[in-house]
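Notes follow once the structure below has been shown.
Chains as they are written, first to last, in the numbering used here: chain A, 202 to 354; chain B, 178 to 689.
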C-alpha cells in the first residue's frame, strides 16, 4: 500500500516528509531558546508555533496524498548536468571573489557555466568569459563604484 | 482634497518628470518589455537581478524602475504569446488562447494593437484607483493596532496560498517555510541569535537578494541553459497598417476591456489574489457574456482585450494594500517592500505622508511609463519580434555573472554566495516537487513583521488571545478567513469524494 502510494504520488509524498523533517528541525533548534509566556514571549515562542504548524501540515499533506486517488504526477527532475555545472560556476565565484578578486571570479564563473548548454565551443566560451568580465568590471567597478578589488592576486 | 495633498501630487509629477525619473522609468519599462517578450526570463528573476543596483539609487527612482519592469513585462508578455504561442509570463497564457489563433488567421498586427490599447486602458484606470483609494485606506489604517496588522498579514498569506495553483496546503507549507527562514538572525526583542549557527554574518538575517535570486533566478537560468533557439515563426505582418482595427473591431474590444479592468482592479487590490486569477476570470466572464461564445479560442477579440486589461489593472491596484497598509499581496510586491525597507522606509500607512515623493512619484510614473509602453509596443513591435531570435546559450552565462555580483555586492559577503546556492537548490527541489516558490518569498518578507505584531499584541493584552476577535476589523478578517478555509476544505472533500467514485467506476469498467 505504501509502496503503491509512493510510486503514484511521489512529489507530494516527498514534499510531506520534507516538511515534517524541517518542522522537527525547527522544533529541536528552537527548543534551545527561551520560550517565555504568552504575555511575554521569549525568542523561542514563535518558532515553536511555526514548527508545530509545519509538522501538522506535513502530516496533513501525507494523509490526503495517501487517501486520495493515486494520480499520475511523477517526479519531474531537472537535468543533472546544468544543475551541477551552474552550481560549480557559482561555487567558483564564491571561492575566487576574495582570494583572487572580481576579474578572475567572473571569468571562471562565466567560463564554467557555458558548459551547462548543449551547444559547447571552448573558444567561444573563453571569448564570452573575457568579454563578460571586461563589461562587468567597467559597469560595476568603474561606473557603479562597487568597493571590490578587480585583481587581488 | 486639501492643498497639501495637491502639493504632494505636484511633487510626485516633479519626481516622475525629472530627467532621472524619466530615465529610470524608461529603463524599467524597456527592460520589462524585453524580459516579458523572451519566454523563460521571468519578472521575478529580473527584479531580483536588478535589486542590488537599486540600492545605489534613490528609493523613489528605484521603485519607479522596478514597477516599470513589472508592468512592462505584462505588456511584453503577450507578444510572444500571440506570435508563437509561447507565453512570456504566466498571465499572458490567457492572451494566447485567442491571440495565437488571430495571428494564424493573419491578424497578428491587430491582436498586438488590441493588446497594447487594452493594457493601456487597464493600467490608467488602475492607476487612477490607486491614487483615489490609497489615502483613505491609509487613514483608516492609522487606527490599526498590532492585532489588525497581524490578522491582515495572516489573511494575506493564507489568501495567497488558497488562490494559487495546485493543492492549497502545499502553498501554505511554502508560506510557513518562508516565515521560518525569516526567523534567522537576531531576535529584535531579546537580542538572542536564532538559527545563526555561530555565524555572525547571519545576525541581520538571510540576505533578501540571495534568497530571491536563489529561488527564482537560478532555476530559471538552469532552464534557460538547455533551451535551444526558438522555433521559426511565420512571417507576421506587424506594419502599422495591419494593426489598425476597423470601427466594428474597436467596438468589439471596448466593453470587454472595461469589464476586464473592473475584474482586474478588484482582484489586484485583494491581498493574495492578483493578476493571474483576474486574467482567467475575466476571460471566463467574457465567454459567458458573449453572444458568440463559440468564437472564443478561435480568435475572439474580446478574448484578447479582457484578460490584458484585467492583468494590467491588477498590477496597478496591487500597489493599494502595499502602499497604504505595507502589506504586499504577492511576491513581486513583497520584493518592492523589501527594497523600500533596505532604503530605511518603513512600510505602513505612514509612507504616503512621510515619503510623498515615493508614492506620488510612483503614481505619476505610471502615466509616463504606460505612454512609453504604448510607443514601445505599437510602432516598435517589429523590434521585439526580432528579439525572439536571441541566442540563449550566450545569454545565460552572463546572467550567472550578474547574479553572483548582485548577491555579493549587497554586503560584500561570501556567505551570501553560499546562501544563494542553498536557495537555488531549494528552488529546484520545490520546482520538481511541484511546490510554488512565490509564497515562500512572501512569507520570508512578512514573517518578521508578523512575529513582531503578534508579540506586541500579546504584550498589550497580557496574553489575551480573544483580542483578535474582540476588535471589529480583526474579527471580520478572521471571519472571512474562516469562510475561505472552510470553503477550501469543502472543495477538497467534494473533489476527493467525486474522484473516488469516479475512480471506482472507471476501474470497474476496465476490469469488466
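By construction, the Cβ of each residue, glycine as well, lies at the ideal position given by its N, Cα and C atoms.
Between residue i and residue j, is the Cβ-Cβ spacing less than 8 Å?
i                      : j                      : result
residue 308 of chain B : residue 540 of chain B : yes
residue 358 of chain B : residue 386 of chain B : no
residue 272 of chain B : residue 484 of chain B : yes
residue 384 of chain B : residue 587 of chain B : yes
residue 317 of chain A : residue 286 of chain A : yes
residue 551 of chain B : residue 487 of chain B : no
residue 306 of chain A : residue 298 of chain A : yes
residue 403 of chain B : residue 280 of chain A : yes
residue 225 of chain B : residue 512 of chain B : yes
residue 249 of chain B : residue 299 of chain B : no
residue 336 of chain B : residue 447 of chain B : yes
residue 477 of chain B : residue 445 of chain B : no
residue 499 of chain B : residue 268 of chain B : no
residue 399 of chain B : residue 284 of chain A : yes
residue 605 of chain B : residue 237 of chain B : no
Just mark residue i as buried or exposed, buried being the case when its beta carbon has 16 or more other beta carbons within 10 Å.
i                      : result
residue 556 of chain B : exposed
residue 682 of chain B : Note that residue 682 of chain B scores a pLDDT of 46, beneath 50, so its modelled location is shaky; the value from the coordinates is reported in the next line. With fewer than 16 other Cβ atoms within 10 Å, it is exposed.
residue 466 of chain B : exposed
residue 568 of chain B : exposed
residue 531 of chain B : exposed
residue 691 of chain B : In the structure displayed, chain B extends from 178 to 689; residue 691 of chain B sits before or after that span and is not available.
residue 684 of chain B : Since pLDDT at residue 684 of chain B reaches only 43, below the 50 mark, its modelled position is unreliable, and no value is offered.
residue 481 of chain B : buried
residue 649 of chain B : exposed
residue 324 of chain B : buried
residue 689 of chain B : Note that residue 689 of chain B scores 33 on pLDDT, short of 50, meaning its location in the model is unreliable; the coordinates nonetheless yield the value given after this. With fewer than 16 Cβ atoms within 10 Å of its Cβ, residue 689 of chain B is classed as exposed.
residue 493 of chain B : buried
residue 185 of chain B : buried
residue 647 of chain B : exposed
residue 687 of chain B : The predicted model places residue 687 of chain B with a pLDDT of 39, which falls under 50 and marks its position as unreliable; any figure quoted below should be read in that light. It is exposed - the Cβ of residue 687 of chain B has fewer than 16 other Cβ atoms within 10 Å.
residue 332 of chain B : buried
Taking C-beta pairs closer than 7 Å, name the residues in chain A that residue i reaches, listed in chain order.
i                      : result
residue 643 of chain B : Going along chain A, no residue has its Cβ under 7 Å from residue 643 of chain B, so there is no contact; the nearest lies around 12 Å.
residue 570 of chain B : 318 and 320
residue 668 of chain B : Simply none; closest approach about 12 Å.
residue 338 of chain B : Here the premise fails: no neighbours, minimum Cβ distance about 10 Å.
residue 640 of chain B : 238, 239 and 240
Going straight from the alpha carbon of residue i to that of residue j, what length do you get?
i                      : j                      : result
residue 212 of chain A : residue 344 of chain A : 46 Å
residue 362 of chain B : residue 613 of chain B : 25 Å
residue 289 of chain B : residue 252 of chain B : 10 Å
residue 210 of chain A : residue 595 of chain B : 32 Å
residue 501 of chain B : residue 529 of chain B : 7 Å
residue 504 of chain B : residue 286 of chain B : 39 Å
residue 318 of chain B : residue 417 of chain B : 48 Å
residue 672 of chain B : residue 263 of chain A : 17 Å
residue 221 of chain B : residue 364 of chain B : 29 Å
residue 667 of chain B : residue 661 of chain B : 10 Å
residue 230 of chain B : residue 378 of chain B : 21 Å
residue 367 of chain B : residue 230 of chain A : 17 Å
residue 225 of chain A : residue 641 of chain B : 28 Å
residue 235 of chain A : residue 241 of chain A : 11 Å
residue 603 of chain B : residue 424 of chain B : 52 Å
residue 283 of chain B : residue 334 of chain A : 44 Å
residue 340 of chain B : residue 194 of chain B : 38 Å
residue 625 of chain B : residue 260 of chain B : 44 Å
residue 222 of chain A : residue 257 of chain A : 11 Å
residue 323 of chain A : residue 218 of chain B : 25 Å
residue 524 of chain B : residue 474 of chain B : 43 Å
residue 275 of chain B : residue 320 of chain B : 47 Å
residue 182 of chain B : residue 197 of chain B : 23 Å
Taking C-beta pairs closer than 7 Å, name the residues in chain B that residue i reaches, listed in chain order.
i                      : result
residue 310 of chain A : 577, 578 and 581
residue 234 of chain A : 369 and 371
residue 290 of chain A : 577
residue 163 of chain A : Beyond the ends of chain A as shown, which are 202 and 354, falls residue 163 of chain A; an answer cannot be given.
residue 230 of chain A : 372
How would you list, in chain order, the residues of chain A whose beta-carbon sits under 8 Å from the beta-carbon of residue i?
i                      : result
residue 226 of chain B : What residue 226 of chain B touches in chain A: nothing, since even the nearest Cβ is about 13 Å away.
residue 628 of chain B : 247
residue 532 of chain B : Residues of chain A passing the Cβ test: none, with the nearest at roughly 24 Å.
Just to confirm, does residue i get its C-beta within under 7 Å of one of the non-hydrogen atoms of the ligand NAP?
i                      : result
residue 610 of chain B : In the structure shown, the ligand NAP is absent, as is every other ligand, since no ligand is present at all.
Name the chain B residues that come within less than 8 Å of residue i, Cβ to Cβ?
i                      : result
residue 335 of chain A : Residues of chain B passing the Cβ test: none, with the nearest at roughly 11 Å.
residue 278 of chain A : 609
residue 341 of chain A : 582 and 586
- Query: Would you call the stretch 557–566 of chain B and the stretch 197–214 of chain B in contact, with 3 or more CB pairs under 8 Å?
  - Reply: yes
Can you find at least 3 beta carbon pairs, one from the stretch 455–469 of chain B and one from the stretch 424–441 of chain B, that sit closer than 8 Å?
yes
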